[in-house]
Amino acid sequence: MRHTHPLTVVIFGVVGIAAGFVLEVALAATGQPVLIPPYTLAITLVAAAVIVVALAVPIRRAIRGTSKTQINPFRAMRIVVLAKASALVGSLIAGFGIGVIAFLLTRPVVADVGSLWPGITAALAGAVLLTAGLVAERLCTLPPDEPDAK
Numbered sequence: 002m003r004h005t006h007p008l009t010v011v012i013f014g015v016v017g018i019a020a021g022f023v024l025e026v027a028l029a030a031t032g033q034p035v036l037i038p039p040y041t042l043a044i045t046l047v048a049a050a051v052i053v054v055a056l057a058v059p060i061r062r063a064i065r066g067t068s069k070t071q072i073n074p075f076r077a078m079r080i081v082v083l084a085k086a087s088a089l090v091g092s093l094i095a096g097f098g099i100g101v102i103a104f105l106l107t108r109p110v111v112a113d114v115g116s117l118w119p120g121i122t123a124a125l126a127g128a129v130l131l132t133a134g135l136v137a138e139r140l141c142t143l144p145p146d147e148p149d150a151k
């Protein structure tokens, strides 16, 4: 499996920004209250980031040879897929939070600062999940078979 391509992460982020902004505009245009991400979203994303990295550390130890335990290859593959999915979802949610912030800052009426903080925390927590997913993906990388191979 290849590492997550940076362009894919950027595309997911841009889609998240567009989705967040367009959803807020659509809700405001129909007279509905705008969506403000709850703080529990940020707490959940950070907890998921910690779990993803914690699951990848034993794989790294087994790859390096510092641990004597055998790792099931299917388990290792599942953790790599989880790490990749976490990176992409983190990028999407970070973009969504940025889209919400962009909508609130471009309104003709200045938004209350209390409305901005949930969007900021969602964007930061998405970035934390993105980073944790990429780190966990790198932790599960096998070294090349030959020293000269790239």
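In this text, residue positions in the sequence shown follow the working numbering: the first is 2, and each later residue adds one. Ideal Cβ positions, reconstructed from N, Cα and C, are used throughout, including at glycine.
Decide if residue i is buried, meaning its Cβ has at least 16 other Cβ atoms within 10 Å, or exposed.
{"i": "isoleucine 80", "result": "buried"}
{"i": "valine 111", "result": "exposed"}
{"i": "phenylalanine 75", "result": "exposed"}
{"i": "glycine 115", "result": "exposed"}
{"i": "proline 7", "result": "exposed"}
{"i": "leucine 143", "result": "exposed"}
{"i": "proline 109", "result": "exposed"}
Residues in the same chain with beta-carbon distance under 8 Å from residue i, minus the five sequence neighbours each way, listed in chain order, please.
{"i": "alanine 27", "result": "none"}
{"i": "valine 51", "result": "Ala133"}
The alpha helix (DSSP H) spanning residue i covers which residue range?
{"i": "methionine 78", "result": "74-106"}
{"i": "isoleucine 64", "result": "40-65"}
{"i": "glycine 120", "result": "114-140"}
{"i": "leucine 24", "result": "7-30"}
Confirm, please, whether the CB-CB distance from residue j to residue i is below 9 Å.
{"i": "glycine 17", "j": "alanine 84", "result": "no"}
{"i": "leucine 140", "j": "isoleucine 60", "result": "yes"}
{"i": "valine 35", "j": "leucine 105", "result": "yes"}
{"i": "isoleucine 121", "j": "isoleucine 102", "result": "yes"}
{"i": "alanine 123", "j": "proline 38", "result": "yes"}
{"i": "serine 87", "j": "alanine 137", "result": "yes"}
{"i": "glycine 91", "j": "glycine 21", "result": "no"}
{"i": "glycine 98", "j": "glutamate 25", "result": "no"}
{"i": "threonine 5", "j": "leucine 89", "result": "yes"}
Please return the same chain residues whose Cβ sits closer than 7 Å to the Cβ of residue i, not counting the five positions on each side in sequence.
{"i": "valine 58", "result": "Leu140"}
Any C-beta of chain D sitting closer than 9 Å to the C-beta of residue i?
{"i": "isoleucine 121", "result": "The structure shown contains no chain D; it is built from a single protein chain."}
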